[in-house]
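Engineer: Per our numbering, the sequence shown starts with residue 21, numbered consecutively. Where a beta carbon is used, it is the ideal one built from N, C-alpha and C, also for glycine. Here the structure is a predicted model, which is why all the values come from computation and not from measurement. One structure follows; several queries about it will come next.
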Amino acid sequence: MCGIVGYVGPQDAAPILLEGLGRLEYRGYDSAGLAVATKSGLKVRKVSGRVADLAADLPARFKGAPGIGHTRWATHGEPTPENAHPHTDAAGRIAVVHNGIIENADELRAKLAADGVEFASQTDTEAVAHLVAAAFQAGAVDLEQAVRQALRQVVGAYGLAVMDAEHPDRIVVARNGSPVLLGVGEKEMFVASDVAALIGYTRQVVYLDDGELATVTPTGYRTFTLDDRAVAKSPSTIDWDVVGAEIGDHAHYLIKEIQEQSRTIERALKGRIDERFDTAHLGGLNLTVREAREIRRVKILGCGSACYAGDLGAQLIEDLARVPASAEPASEFRYRNPVVEPDTLYVAVSQSGETIDTLAAVQELQRKGGRVIGIVNVVGSTIARQVDGGIYLHAGPEMSVAATKSFTSTVTAFALLALHLGRIRDLSPEQGRRIIAGLNALPEQIAQVLEQSDAIAEVAREIAGSNSVLFVGRRRGWPVAREGAQKLKEVSYVHAEAYPSAELKHGPLALVSPELPTVAIVPDDNLLDKNTSTLSEIKARKGPVIALAHRELPSDLADRTLVMPKNEPELDPILMSVPLQLLAYHAAVALGRDVDKPRNLAKSVTVE
Ligand code: G6P
21 MCGIVGYVGP QDAAPILLEG LGRLEYRGYD SAGLAVATKS GLKVRKVSGR VADLAADLPA
81 RFKGAPGIGH TRWATHGEPT PENAHPHTDA AGRIAVVHNG IIENADELRA KLAADGVEFA
141 SQTDTEAVAH LVAAAFQAGA VDLEQAVRQA LRQVVGAYGL AVMDAEHPDR IVVARNGSPV
201 LLGVGEKEMF VASDVAALIG YTRQVVYLDD GELATVTPTG YRTFTLDDRA VAKSPSTIDW
261 DVVGAEIGDH AHYLIKEIQE QSRTIERALK GRIDERFDTA HLGGLNLTVR EAREIRRVKI
321 LGCGSACYAG DLGAQLIEDL ARVPASAEPA SEFRYRNPVV EPDTLYVAVS QSGETIDTLA
381 AVQELQRKGG RVIGIVNVVG STIARQVDGG IYLHAGPEMS VAATKSFTST VTAFALLALH
441 LGRIRDLSPE QGRRIIAGLN ALPEQIAQVL EQSDAIAEVA REIAGSNSVL FVGRRRGWPV
501 AREGAQKLKE VSYVHAEAYP SAELKHGPLA LVSPELPTVA IVPDDNLLDK NTSTLSEIKA
561 RKGPVIALAH RELPSDLADR TLVMPKNEPE LDPILMSVPL QLLAYHAAVA LGRDVDKPRN
621 LAKSVTVE
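This is the structure in structure tokens:
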């Protein structure tokens with residue numbers, strides 16, 4: 021979704037802003053713009069389309085600093101250059117970029133219009149630029165004061181950055197519900213909505229909290245609140261390397277991130293396996309053994325793939341720790357006035373740590389006294405800082421919109437949590453050892469799955485021509501099927517639907533025909549017979565079957581078997597998810613889709 025970058029310092033801002041915006045492209049957007057302070061006032065350039073279009077559109081003499089840049093995901097008004105940010109006041113003195121939604125925008129616009137302000141766009145953000153200008157007219161002495169006065173009239177969510185042609189040595193930023201951070205450099209400073217924008221420039225970042233503002237100059241920053249109380253904030257160090265966010269030789273981030281999974285799982289496991297006691301050591305949980313033993317239920321919340329990973333997490337926790345567990349979309353949970361129980365452990369799952377529905381569910385839980393831990397990838401993200409403890413994935417930046425490495429790392433983190441909760445209950449040391457051996461085998465086995473990429477590409481080209489694809493699985497295979505269908509839909513736009521295998525006969529079997537391929541999850545476990553009889557039902561109706569199994573299936577059950585390496589039944593879903601990612605990827609490539617930035621989708625959904 022929307023992205024913000026800002027620069028204050030001795031260099032020309034535009035190239036730095038363009039690079040930062042490029043790094044935020046993965047979030048999804050439909051227009052982009054820049055403002056820089058020059059000797060003759062502010063210059064603004066905006067386009068609908070990509071950051072590359074903006075770069076091509078910049079005049080050679082677009083030089084100066086400070087500067088602010090933005091990628092916009094349309095909410096108020098179409099993705100036109102007029103509606104793109106930065107927005108300015110009538111005199112072109114103030115420029116504003118904004119993420120989030122200003123809820124009283126209509127009211128503010130009407131009030132400003134009554135005072136004679138003419139609007140150049142349909143956006144909520146433009147009102148802020150006029151409010152800041154009005155604050156100066158009403159006597160504000162500096163940008164800090166003018167922004168504070170303007171924001172006191174604003175209701176809604178914002179992360180914003182403001183520049184003033186009359187104070188060309190600073191940017192003022194503010195955060196309320198939408199992330200803003202500062203990057204500390206040598207005699208230069210950066211601002212951004214996402215650490216990814218700063219990669220390559222600095223590792224020292226200061227995260228603002230809701231209700232906080234900052235004035236940023238080349239030599240430092242001052243943080244304060246809306247009522248001008250100073251807040252002391254010191255920088256923390258981000259540990260991501262540039263390589264993690266670079267595409268390298270890969271055609272797309274999606275395939276790069278799929279292929280990284282041996283390493284990312286290793287990183288999720290690193291330092292967390294306790295061979296001495298056959299358990300997992302999770303330093304960030306902030307739960308004493310006694311507290312962990314008192315947990316009677318686990319409730320997992322997330323959106324999209326995070327929720328499907330949570331479904332697998334719930335089964336792992338029930339299987340290994342024998343604690344009742346379930347997962348639910350965070351968006352549903354937050355709106356149903358949930359009963360919050362003191363002996364339930366709530367787990368918020370989010371790759372980005374910024375998904376608004378998941379964050380709102382966490383806040384609702386905490387308001388009612390619930391204990392929430394997070395399983396999050398982005399260090400220092402809003403959810404990571406909001407929860408009472410948690411597990412970081414350490415999967416590195418995930419740039420492609422479709423979740424892949426974060427999915428398998430999340431399930432791995434759940435396996436560690438389940439092992440930990442199990443071993444302080446009734447899971448025996450032998451069983452603990454069995455799971456640990458399985459976890460340690462995952463990286464090598466993922467590499468074996470990835471070797472089948474070409475064979476999977478062949479299958480993908482076949483299904484790419486279908487109108488629809490059915491995915492079926494039982495028990496642990498069911499969330500795998502859901503995630504497989506989700507991946508295919510997201511990146512190839514081929515309709516896909518997932519069903520629990522036994523539910524086929526209650527409806528979708530009516531759809532089965534030679535035109536509807538089925539992808540079936542058929543692990544070699546205690547449900548193998550049940551799963552093979554599902555395949556017979558489909559084949560009897562001439563439905564083509566692609567099976568993911570642990571051995572080659574006969575042709576009367578499957579037209580094609582992708583044979584997967586076998587791990588422990590609890591961990592097999594991690595391995596089974598990988599070929600489905602490859603299937604979706606290759607189908608998307610075959611269909612010429614925008615693989616990393618599928619239409620209508622965003623990586624990090626920070627508005628409702
Ligand atoms: C968006 C993305 C999905 C992702 C979901 C949750 O919808 O397109 O790929 O699974 O958000 O994101 P999160 O960052 O909270 O895991």
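For my contact list, G26 and T91 are in at a C-beta cut-off of 8 Å; report their separation, rounded to the angstrom.
Structural biologist: Indexing the sequence shown from 1 puts residue 26 at position 6. Indexing the sequence shown from 1 puts residue 91 at position 71. At roughly 13 Å, the Cβ-Cβ gap does not stay under 8 Å, so G26 and T91 are not in contact.
Engineer: What span of residues does the alpha helix (DSSP H) with M596 cover, start to end?
Structural biologist: Counted from its first residue, the sequence shown places residue 596 at position 576. That run of the alpha helix (DSSP H) goes 592–610.
Engineer: Count Cβ pairs between the region 475–483 and the region 310–329 that sit closer than 8 Å; are there 3 or more?
Structural biologist: Contact between the region 475–483 and the region 310–329 is absent, because fewer than three Cβ pairs lie under 8 Å.
Engineer: Would you report the Cα separation of A518 and R496, rounded to the nearest angstrom?
Structural biologist: By one-based count along the sequence shown, residue 518 stands at place 498. By one-based count along the sequence shown, residue 496 stands at place 476. So the alpha carbons of these two residues sit roughly 13 Å apart.
Engineer: Could you check the C-alpha separation between L41 and V251 for me, to the nearest Å?
Structural biologist: Counting from one through the sequence shown, the residue named residue 41 turns up at place 21. Counting from one through the sequence shown, the residue named residue 251 turns up at place 231. One C-alpha to the other measures close to 29 Å.
Engineer: Between E39 and A217, what straight-line distance do the alpha-carbon atoms span, to the nearest angstrom?
Structural biologist: Looking up residue 39 in the sequence shown gives position 19. Looking up residue 217 in the sequence shown gives position 197. Computed Cα separation, rounded: 8 Å.
Engineer: If you drop the 5 nearest sequence neighbours on each side, which residues of the same chain put their C-beta closer than 7 Å to that of L336?
Structural biologist: Here the question's residue 336 lines up with position 316 in the sequence shown. Correct list, in chain order: F434, A435, A438, E590.
Engineer: Out of L490, L611, K63, which one is the CA nearest neighbour of F82?
Structural biologist: Mapped onto the sequence shown, residue 82 falls at position 62. Nearest of L490, L611, K63 to F82, Cα basis: K63.
Engineer: With a threshold of 8 Å, are at least 3 pairs of Cβ atoms found where one atom belongs to the region 343–362 and the other to the region 455–475?
Structural biologist: The region 343–362, when compared against the region 455–475, does not touch it at the 8 Å Cβ threshold.
Engineer: Is G324 a contact residue of the ligand G6P, with contact defined as CB to any heavy atom under 7 Å?
Structural biologist: If you number the sequence shown from 1, residue 324 lands on position 304. Checking every heavy atom of the ligand G6P against the Cβ of G324, one is found closer than 7 Å.
Engineer: So which of L470, E102, A177, T299 has the shortest CA-CA distance to R454?
Structural biologist: Numbered from 1 along the sequence shown, position 434 holds the residue referred to as residue 454. That would be T299, whose Cα lies nearest to the Cα of R454.
Engineer: Between S68, I393, I122, which lies nearest to E98 when the distance is taken from Cα to Cα?
Structural biologist: Locating residue 98 in the sequence shown gives position 78, where the first residue counts as 1. Nearest option by C-alpha distance: S68.
Engineer: So is the beta-carbon of T108 under 7 Å away from any non-hydrogen atom of the ligand G6P?
Structural biologist: Taking the sequence shown and counting its residues from 1, one reaches residue 108 at position 88. It does not: the Cβ of T108 is nowhere closer than 7 Å to a heavy atom of the ligand G6P.
Engineer: Is there contact between the region 579–594 and the region 328–346, where contact requires at least three CB pairs shorter than 8 Å?
Structural biologist: The answer is yes - the region 328–346 touches the region 579–594, with three or more Cβ pairs under 8 Å.
Engineer: Could you give the residue range of the alpha helix (DSSP H) that holds G452?
Structural biologist: One-based indexing of the sequence shown puts residue 452 at position 432. Looking at the DSSP string, the run of the alpha helix (DSSP H) that includes G452 is 449–470.
Engineer: Taking the C-alpha atoms as reference points, what is the distance between N124 and F139?
Structural biologist: As a first step, residue 124 is located in the sequence shown; it is residue number 104 there, counting from the start. As a first step, residue 139 is located in the sequence shown; it is residue number 119 there, counting from the start. Approximately 16 Å between the Cα atoms of the pair.
Engineer: Measuring only from the beta carbon, is Q383 closer than 7 Å to any heavy atom that is part of the ligand G6P?
Structural biologist: Working through the sequence shown from its first residue, we reach residue 383 at position 363. Answer for Q383: no, Cβ out of range of the ligand G6P.
Engineer: Can you tell me which of the three DSSP states V263 falls into?
Structural biologist: If you number the sequence shown from 1, residue 263 lands on position 243. Its pLDDT being 45, under 50, V263 is placed unreliably in this model, and the value from its coordinates should be taken loosely. Helix, per DSSP.
Engineer: DSSP on R43, reduced to helix/strand/coil?
Structural biologist: Position 23 of the sequence shown holds residue 43. Correct three-state label for R43: helix.
Engineer: Nearer than 7 Å: is that true of the beta carbon of K617 relative to any heavy atom of the ligand G6P?
Structural biologist: As a position in the sequence shown, residue 617 is number 597, starting the count at 1. Outside the cutoff, so no.
Engineer: Return the bridge partner residues of M183 from the DSSP annotation.
Structural biologist: The residue labelled residue 183 in the question sits at position 163 within the sequence shown. Answer by DSSP bridge pairing, in chain order: A115.
Engineer: What does the alpha-carbon distance come out to for the pair G527 and P520?
Structural biologist: Locating residue 527 in the sequence shown gives position 507, where the first residue counts as 1. Locating residue 520 in the sequence shown gives position 500, where the first residue counts as 1. Roughly 11 Å between the two C-alpha positions.
Engineer: Taking 7 Å as the line, does the beta carbon of Q371 fall inside it for any heavy atom of the ligand G6P?
Structural biologist: As a working note, residue 371 is residue 351 in the sequence shown. Checking the Cβ of Q371 against the ligand G6P gives yes.
Engineer: If the criterion is Cβ atoms closer than 8 Å, does the pair A133 and V152 meet it?
Structural biologist: Stepping through the sequence shown from its first residue, residue 133 is reached at position 113. Stepping through the sequence shown from its first residue, residue 152 is reached at position 132. No, the pair does not count as a contact, with Cβ atoms beyond the cut-off.
Engineer: Determine the DSSP secondary structure at L582, reduced to helix, strand or coil.
Structural biologist: The count along the sequence shown starts at 1 and reaches residue 582 at position 562. DSSP places L582 in strand when its eight states are reduced to three.
Engineer: CA-CA distance, Y355 and A326?
Structural biologist: Locating residue 355 in the sequence shown gives position 335, counting from the first residue. Locating residue 326 in the sequence shown gives position 306, counting from the first residue. In a straight line, the C-alpha of Y355 is about 18 Å away from that of A326.
Engineer: State the Cα-Cα distance for the pair I393 and A381, rounded to the nearest angstrom.
Structural biologist: Counted from its first residue, the sequence shown places residue 393 at position 373. Counted from its first residue, the sequence shown places residue 381 at position 361. Taking the straight line from one Cα to the other gives about 12 Å.
Engineer: Would you decide whether D184 is buried or exposed? Buried here means 16 or more other CB atoms lie within 10 Å of its CB.
Structural biologist: The sequence position of residue 184 within the sequence shown is 164, counting from 1. By the neighbour-count rule (16 or more Cβ atoms within 10 Å), D184 is buried.
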